[in-house]
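J.: Got a structure here, written out as structure tokens. Questions coming.
In the working numbering, the protein residues as written are 11 to 334.
Below you can see the structure in the form of structure tokens.
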């Protein structure tokens with residue numbers, strides 16, 4: 011993204027007009043499922059009814075009164091959302107006008123604004139492949155602008171020693187105390203082994219992996235001789251995209267890498283929302299709303315990840331995450 015920090019205000023204003031305004035009409039009552047809290051406070055006791063959940067029976071009161079009683083709870087609706095943002099060099103790639111970094115910035119800004127408008131707090135930890143920078147959670151539009159400022163201003167490294175997403179997630183786990191909704195926004199181009207750290211994160215919090223990708227990373231068009239450069243090591247290689255055999259081998263290798271990545275998400279027990287540089291951001295947020303609705307319908311778990319990549323959810327999916 012070519013934006014600079016002082017452009018955060020016009021960027022957010024544009025997103026409020028073009029994305030959030032549309033979502034206000036499309037989501038409507040679904041805001042309830044987007045911002046459902048994690049905690050429960052005991053509100054009252056009353057006699058058991060046939061439709062009540064037996065797990066809510068208060069056995070002490072039942073034994074004392076000889077009449078079954080259940081506990082009634084009020085839900086804590088406050089949500090603290092954290093965005094763990096991978097801003098390593100590979101995220102700067104984009105085969106068209108939009109880079110993965112721009113998708114990351116706009117998705118984060120829209121979600122942060124949606125959450126803060128409901129009185130929730132948002133924070134972020136930014137990682138450029140070398141250093142971390144923490145934006146503590148707060149509420150309000152001014153804070154969203156500050157978060158967007160910091161994201162746009164975060165140093166872009168021409169090279170990095172190799173993204174270690176697992177180490178980054180481990181540091182984030184140590185830094186985030188209270189149970190939160192956590193978005194790990196990354197292209198997941200990293201040293202192997204990060205799924206164990208993502209699994210630990212999802213056990214303590216409610217995690218959503220937001221995967222950034224570009225169409226050119228999965229299929230090459232026939233556009234002649236190209237010079238490919240590794241965004242992190244700087245290593246270059248010349249390829250002939252006119253070679254059909256090379257394009258087939260590239261597609262096969264990309265398919266294997268895709269399968270390995272989905273297996274890693276499955277092993278981590280975390281659902282994934284895919285964001286391509288060619289995606290419509292409004293559609294992506296609606297997919298997230300589907301994830302949240304499915305989590306509520308299934309009693310706290312998240313649906314299996316194939317539904318998260320589509321436009322809706324499937325009623326038969328089993329919960330994959332942990333109960334809040």
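Ideal Cβ positions, reconstructed from N, Cα and C, are used throughout, including at glycine.
Since this is a predicted model, take the numbers as computed values, not measurements.
Under a three-way DSSP split, which group does residue 257 fall into?
T.: In this structure, residue 257 counts as helix in the three-state DSSP scheme.
J.: Can you tell me the Cα-Cα spacing of residue 328 and residue 304, whole angstroms?
T.: Low confidence applies here, because residue 328 scores a pLDDT of 31, under 50, leaving its location unreliable and the question unanswered by this model.
J.: Using DSSP's beta-bridge definition, name the partner residues of residue 90.
T.: DSSP lists 131 as partners of residue 90.
J.: Would you call residue 153 buried or exposed, if buried means 16 or more other Cβ atoms sit within 10 Å of its Cβ?
T.: Residue 153 is buried by the Cβ-count criterion.
J.: For the beta strand (DSSP E) containing residue 143, name the first residue and the last one.
T.: Unbroken beta strand (DSSP E) run through residue 143: 142-148.
J.: Could you tell me if residue 131 is buried or exposed, where buried requires 16 or more neighbouring beta carbons within 10 angstroms of its beta carbon?
T.: Residue 131 is buried by the Cβ-count criterion.
J.: Which value, in whole angstroms, describes the spacing of the CA atoms of residue 30 and residue 75?
T.: Distance between the alpha carbons of residue 30 and residue 75: 52 Å.
J.: Can you list, in chain order, the stretches of the alpha helix (DSSP H) that have 4 or more residues and sit fully within the segment 191-237?
T.: The segment 191-237 contains these whole alpha helix (DSSP H) runs: 204-214.
J.: Residue 301: buried (16+ other C-beta within 10 angstroms of its C-beta) or exposed?
T.: Burial call: buried.
J.: For the structure I just gave you, are there three or more beta carbon pairs, one from the segment 190-206 and one from the segment 259-269, closer than 8 Å?
T.: Short answer: they don't touch.
J.: Can you tell me whether residue 165 is buried or exposed, with buried defined as 16 or more other CB within 10 angstroms of its CB?
T.: The residue is exposed, with fewer than 16 neighbouring Cβ atoms inside 10 Å.
J.: Taking DSSP's pairing of strands, which residues face residue 56 in a bridge?
T.: Partner(s): 80.
J.: Can you tell me whether DSSP reads residue 67 as helix, strand or coil?
T.: Strand, per DSSP.
J.: Taking just the CA atoms, how far does residue 37 sit from residue 197?
T.: Each residue's Cα considered, the two are about 27 Å apart.
J.: Keeping to the same chain, check which residues put their C-beta closer than 8 Å to that of residue 167; ignore five residues upstream and five downstream.
T.: Closer than 8 Å at Cβ, skipping near neighbours: 98, 99, 138, 139, 140.
J.: So the candidates are 127, 124, 156; which of them puts its Cα closest to the Cα of residue 335?
T.: In the structure as shown, the chain begins at 11 and stops at 334. Residue 335 is therefore absent and cannot be evaluated.
J.: Spatial neighbours of residue 286 within its chain, please: CB distance less than 6 Å, with the 5 preceding and 5 following residues excluded, ordered by chain position.
T.: Closer than 6 Å at the Cβ level, and outside the excluded window around residue 286, lie 223.
J.: Taking the beta strand (DSSP E) that residue 282 belongs to, which residues open and close that run?
T.: Unbroken beta strand (DSSP E) run through residue 282: 281-286.
J.: For the alpha helix (DSSP H) containing residue 20, name the first residue and the last one.
T.: Element bounds for residue 20: 18-25.
J.: Distance check for residue 73 and residue 62, CA to CA, integer angstroms please.
T.: Cα to Cα, the separation comes out at about 18 Å.
J.: To the nearest angstrom, report how far apart residue 71 and residue 54 are at their CA atoms.
T.: One C-alpha to the other measures close to 12 Å.
J.: Please classify residue 66 as buried or exposed, where buried requires at least 16 other C-beta atoms within 10 Å of its C-beta.
T.: Per the 10 Å Cβ criterion, exposed.
J.: Could you give the DSSP three-state label for residue 159: helix, strand or coil?
T.: In this structure, residue 159 counts as helix in the three-state DSSP scheme.
J.: Going by the beta-carbon positions, is the gap between residue 200 and residue 278 smaller than 8 Å?
T.: The answer is no: Cβ separation not under 8 Å.
J.: Provide the residue(s) that pair with residue 96 in DSSP beta bridges, ordered along the chain.
T.: Per DSSP, 137.
J.: Give every residue of the same chain whose Cβ lies closer than 7 Å to the Cβ of residue 220, excluding the five residues on either side of it in the sequence, and list them in chain order.
T.: Excluding residues within five positions, the ones whose Cβ falls inside 7 Å are 117, 193, 194, 195, 283, 285.
J.: Taking the C-alpha atoms as reference points, what is the distance between residue 129 and residue 90?
T.: So the two alpha carbons sit approximately 10 Å from each other.
J.: Distance, Cα to Cα, residue 325 vs residue 295?
T.: Low confidence applies here, because residue 325 scores a pLDDT of 30, under 50, leaving its location unreliable; read the following figure in that light. Spanning the two alpha carbons is a distance of roughly 20 Å.
J.: Is it right to say residue 59 is buried, meaning 16 or more other beta carbons lie within 10 angstroms of its own, or is it exposed?
T.: Residue 59 is exposed by the Cβ-count criterion.
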